[in-house]
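FYI, the numbering for the sequence shown is 868 to 1150, going by the working numbering.
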Amino acid sequence: MKPEIDIIGDGRVGRALAIAFARKWSPVNRIIAPTTGREPVESLIPRPLRTDDVLQGTVILAVRDSQIESVSKTLLTHLRPGCVVLHTSGSRSSDILAPLRESGASVGSMHPLISISDPTSGAGQLATAYFCIEGDEEACRRALELVDVLGGRSFRISPEKKALYHGAAVMSAGHIVALFSESLELLAECGISPDEARDVLAPLVESTAANLRSVVPEAALTGPFARGDRETIEKNLNAIRTSNHPDFAEAYRVLGLRSLDLARKNGVSEDDIQAISAILRSK
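As structure tokens, this is what we get:
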């Protein structure tokens, strides 16, 4: 039996989900958004919530984190008993939907652990995504069904670990973008254009990500830290400190200390570890 779905919110995640469900022969009933005049999604025109709207089956809240609580309260008079409400936030747990739980709904969250830059391509990515699921038993069961419909995979955590989970995700994705941006700035100082710099660095990033899919982090570590090359590391650090972006040296230094922990596991000598640690801790 195909799940009956309403989506609240027509941003990138909400639209991607609507497109993906339509492609999987489980079309969405309605897409509810605060404003009118938005582009249709799979023949559905996003519209505001009407006073006579009755929400049943599964309701997916795909709105900004800051809007979840206020939007969920507006749903209180529209939900039928036994309804399942899932939000898609990565950082907020299902506890934010407590008023809906008290009104008879089963609540939870299902966060797609991918970067969605636009709804159309994002809809395709959902089939290869992992979803983080947490919440009430019935809500988690429904979330698992939806992930199966989308073709994705899932894992479950406890609600109190949601912020920690999201912190890990930000470090592995958002911070990589920030580091990539810093690398582009440093290469620009070397006379390399932004477009060329992206082309130069992308294979390095992609090959590292590919290695991380098959081996533990210490085995994927390459470069001067993996070799215990104290001279190269000192030259790197000094060059960044005397560049047009000396503040970038802090990222090199702090992440370098973590790289040393990995290098130790990979057999770099303790003498090299201590010498490099002293270099990184020097101001």
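For each residue, glycine too, the CB sits at the ideal point set by N, CA and C.
Select from the options the residue whose C-alpha is nearest the C-alpha of residue i.
i: histidine 1033; options: Ile981, Ser1048, Arg1020; result: Ile981
i: isoleucine 1024; options: Ala972, Ser984, Gly957; result: Gly957
i: leucine 942; options: Pro915, Lys1028, Pro1084, Glu871; result: Pro915
i: alanine 967; options: Val951, Phe998, Ala1045, Lys1102; result: One detail in the question is off: residue 967 reads as leucine in this sequence, not alanine. Of the candidates Val951, Phe998, Ala1045, Lys1102, the one whose C-alpha sits nearest the C-alpha of leucine 967 is Val951.
i: serine 973; options: Ser1144, Val1067, Gly1002, Tyr997; result: Gly1002
i: arginine 1148; options: Ala1130, Leu1122, Leu1129, Asn1133; result: Leu1122
i: glycine 881; options: Val895, Gln1141, Ile1100; result: Val895
i: alanine 1030; options: Pro1061, Glu1137, Asp932, Trp892; result: Asp932
i: alanine 1093; options: Ser1060, Leu1079, Leu1127; result: Leu1127
i: tyrosine 997; options: Asn1103, Leu953, Arg947, Met977; result: Met977
i: isoleucine 1140; options: Asn1105, Pro1091, Ala1118; result: Pro1091
i: threonine 1109; options: Lys1150, Lys1132, Ile1143; result: Lys1150
i: threonine 944; options: Leu922, Thr955, Arg1097; result: Leu922
i: glycine 975; options: Ala965, Phe1047, Ser984; result: Ala965
i: leucine 1026; options: Pro901, His954, Gly1018; result: At residue 1026 the sequence reads proline, which differs from the leucine that was named. With distances taken between Cα atoms, proline 1026 lies closest to His954.
i: valine 938; options: Glu909, Pro901, Ser910, Gly949; result: Pro901
CB residue i to CB residue j, shorter than 8 Å?
i: alanine 1087; j: threonine 1075; result: yes
i: isoleucine 874; j: isoleucine 898; result: yes
i: leucine 993; j: alanine 889; result: no
i: glycine 989; j: arginine 879; result: yes
i: proline 1084; j: leucine 1129; result: yes
i: alanine 929; j: glycine 876; result: yes
i: valine 1016; j: lysine 891; result: yes
i: isoleucine 1146; j: isoleucine 1100; result: yes
i: isoleucine 872; j: isoleucine 935; result: no
Roughly how many whole angstroms lie between the Cα atoms of residue i and residue j?
i: alanine 885; j: isoleucine 1107; result: 46 Å
i: serine 1136; j: serine 1050; result: 29 Å
i: proline 907; j: glycine 1058; result: 45 Å
i: methionine 1038; j: leucine 1079; result: 15 Å
i: aspartate 865; j: arginine 947; result: Any property of residue 865 remains undetermined from this structure, which presents the chain solely from 868 to 1150.
i: glutamate 1056; j: alanine 1064; result: 11 Å
i: threonine 918; j: glycine 971; result: 20 Å
i: glutamate 1052; j: aspartate 1062; result: 12 Å
At the 8 Å Cβ level, is residue i part of the contact set with chain D, yes or no?
i: phenylalanine 1022; result: No chain D appears in the structure shown, which is made up of a single protein chain.
Taking only runs that begin and end inside the stretch 911 to 945, name each unbroken alpha helix (DSSP H) of 4 or more residues, in chain order. Fully enclosed alpha helix (DSSP H) runs of 4 or longer: 935 to 941.
Counting beta carbon pairs with one atom in the stretch 1002 to 1010 and one in the stretch 959 to 973, are three or more of them shorter than 8 Å? yes
Would the stretch 1064 to 1073 count as touching the stretch 1109 to 1122 if we require 3 or more Cβ pairs under 8 Å? no
Please give me, in chain order, every unbroken run of the beta strand (DSSP E) with length at least 3 that falls completely inside the stretch 984 to 1053. 997 to 1002, 1020 to 1023
In the stretch 1059 to 1083, which residue ranges form an unbroken alpha helix (DSSP H) of at least 4 residues, counting only runs that do not cross its ends? 1061 to 1079
For a minimum of 4 consecutive residues, which ranges assigned as the alpha helix (DSSP H) are wholly contained in the stretch 941 to 973? 965 to 969
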